Amino acid sequence: IKSGTSYLKMAYEEVLFPICFTGKKKYFGIGHEDIVNFKPKNLFMKGIDTVKQGKFQLFKFIGERIMREALDINNTRSIHEIVEDILREARNKEWDFNEFIVMGTWKPKKQNLYNIRFMGRMREKNERIPNPGERFSYIVVKGLPLYNKEGKKEPHRIGDFMEYADITKEQNMEIDINYYLGATTA
């Protein structure tokens with residue numbers, strides 16, 4: 076705010092309307108700076124997980140869609156109803172293969188159990204293992220249930236169903252859409 080004096084200068088913070096608070100330090104809204112615009116190109120987001128590096132495009136698409144509908148000035152539904160409708164629609168939609176690709180970083184010294192299990196499987200198959208710190212792309216595919224030596228069913232571990240994106244495409248493996256939709260809502 077310019078007051079004509081240099082004694083007190085205040086920085087402009089964002090004015091958001093409508094706004095949605097989703098958790099501590101997590102919110103999104105429509106920012107208004109010069110003119111009122113309820114259909115901006117980009118939403119204002121703080122702490123929202125859809126913008127994090129390595130997230131799959133499906134997650135970003137569904138998150139963006141939920142936020143846009145929740146902030147629609149003519150919206151009469153609750154966010155819970157919006158999420159249910161969009162996930163129902165997402166389950167039945169035909170998706171592009173590239174929407175499911177997830178980026179990971181191979182850090183052997185970290186205790187990332189998904190990646191350690193996945194790289195162990197790739198080592199057994201004599202597939203290429205990335206160098207430490209190198210990024211790789213993978214997709215979670217559907218697979219048969221796993222059983223231990225006693226014949227008891229083992230719990231579903233993501234590392235057992237991760238595959239390199241290029242291998243998934245070459246072998247036309249079935250993508251586990253339920254994993255992706257579950258990860259989106261978690």
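Under the working numbering, think of the first position of the sequence shown as 76, with each following residue one higher. Backbone N, C-alpha and C define an ideal beta-carbon position, used for all residues, glycine too. What you are looking at is a predicted structure, and each value in this text was computed from that prediction instead of being measured.
- Under the criterion of beta carbons closer than 8 Å, arginine 210 and glycine 179 qualify as touching, at roughly 7 Å.
- Taken in chain order, the whole alpha helix (DSSP H) runs of length 4 or more contained in the segment 159 to 223 are 188 to 199.
- Around the beta-carbon of leucine 133, 16 or more other beta-carbon atoms lie within 10 Å, marking it buried.
- If you check the CB distance, phenylalanine 136 and glutamate 89 do not come in under 7 Å.
- Under the 10 Å beta carbon count, glutamate 169 is surrounded by fewer than 16 other beta carbons and is classified as exposed.
- Assignment of phenylalanine 103 by DSSP, reduced to helix, strand and coil, places it in the strand class.
- Along the segment 112 to 154, the alpha helix (DSSP H) occurs as fully enclosed runs of 4 or more residues at 132 to 146, listed in sequence order.
- Inter-residue distance for valine 215 and glutamate 245 is about 15 Å (C-alpha atoms, whole angstroms).
- In chain order, Ile105 and Gly106 place their CB closer than 8 Å to the CB of proline 115, counting only its own chain and leaving out the 5 sequence neighbours on each side.
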